[in-house]
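J.: Each residue of the sequence shown is one higher than the last, beginning at 6 in the working numbering.
For every residue, glycine included, the Cβ atom is placed at its ideal position computed from N, Cα and C.
Here it is, the structure in full.
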Amino acid sequence: MKSDPGLLLLASLGAALLAAGGAFLRAAFVGERRRPTGEEDPAERLAAVEGELGALRTELSESNATKEAQRIEMVEQRQRAERQVQGAQAEIQRLAGEVDAEKARCKAAEDEAKDLKKKLASTEDELKRTRGNTAEPKAMTALQAELAELKKKVTAVTEEKDAAREKAEALERLVEGVRARSRALAEELKTLKGEAAG
């Protein structure tokens with residue numbers, strides 16, 4: 006069982022007042038005694054002790070108010086930490102969804118690039134065959150135009166794929182940063198809950 010220091014102090018002062026009051030009453034019933042010249046009047050001593058008791062009560066109430074303010078601040082801190090942890094978890098989920106979307110986009114761009122490269126290779130082969138056959142200049146011009154267009158598409162798709170990959174990697178780094186912050190907040194919250202329980 007814990008003892009409150011303020012309560013202990015108050016009880017000690019109460020006992021001191023009872024002892025002083027008992028001494029005062031004993032002196033009143035026994036009769037008039039002569040006080041040594043250096044002692045003060047018991048009524049004055051009692052008034053001084055009562056003044057000290059009032060000051061201690063004031064100090065005790067101030068101490069209790071401070072303790073209550075600290076408790077309220079701890080509760081608010083814990084609630085803020087809980088909200089931050091929840092926000093971090095929601096952000097992690099959102100970013101994980103973005104990472105997955107970027108990875109899917111990157112995969113689609115890679116597939117499209119592979120298809121375009123195959124088509125480019127087949128068009129180049131066809132162009133080589135057509136060059137050997139100089140009788141069809143219109144077909145050769147059309148194949149050259151198609152080849153140039155395919156090269157542009159391959160370049161564009163490759164750039165898109167690289168951009169998607171870079172964005173996915175950046176998002177993964179961001180997710181790791183948010184996860185680290187979330188772990189730190191969770192530890193802080195655990196500490197705050199331990200302090201509130203103790």
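(1) Using C-beta distances below 8 Å, list every residue in its chain close to residue 21, excluding the 5 sequence neighbours before and after it, in chain order.
(2) DSSP three-state call for residue 120: helix, strand or coil?
(3) Report all residues from its chain with a CB closer than 8 Å to the CB of residue 124; omit the five preceding and five following residues, and keep chain order.
(4) Closest to residue 153 by CA distance: which of 143, 169, 129 and 165 is it?
(5) By DSSP, does residue 130 sit in helix, in strand, or in coil?
(6) Among 166, 16 and 183, which residue has its Cα nearest to the Cα of residue 106?
(7) Consult DSSP for residue 9 and reduce its assignment to one of helix, strand or coil.
(8) Where does residue 46 fall in DSSP's three states?
(9) When the distance is taken between beta carbons, is residue 11 closer than 7 Å to residue 65?
(10) When burial is assigned at 16 or more other CB atoms within 10 Å of the CB, is residue 86 buried or exposed?
T.: Taking the structure as given:
(1) Annotation for residue 21: 54 place their beta carbon closer than 8 Å to its own, counting only its chain and skipping 5 residues before and after.
(2) Residue 120 falls in the helix class under three-state DSSP.
(3) Around residue 124: 155.
(4) Of the candidates 143, 169, 129 and 165, 129 places its Cα closest to the Cα of residue 153.
(5) In the three-state DSSP reduction, residue 130 falls in the helix class (H, G or I).
(6) Nearest C-alpha to residue 106: 166.
(7) Three-state result, residue 9: coil.
(8) Secondary structure at residue 46: coil, using DSSP grouped into helix, strand and coil.
(9) Taking C-beta atoms as the reference points, residue 65 and residue 11 count as a pair closer than 7 Å.
(10) The residue in question, residue 86, is buried, as its Cβ has 16 or more Cβ neighbours within 10 Å.
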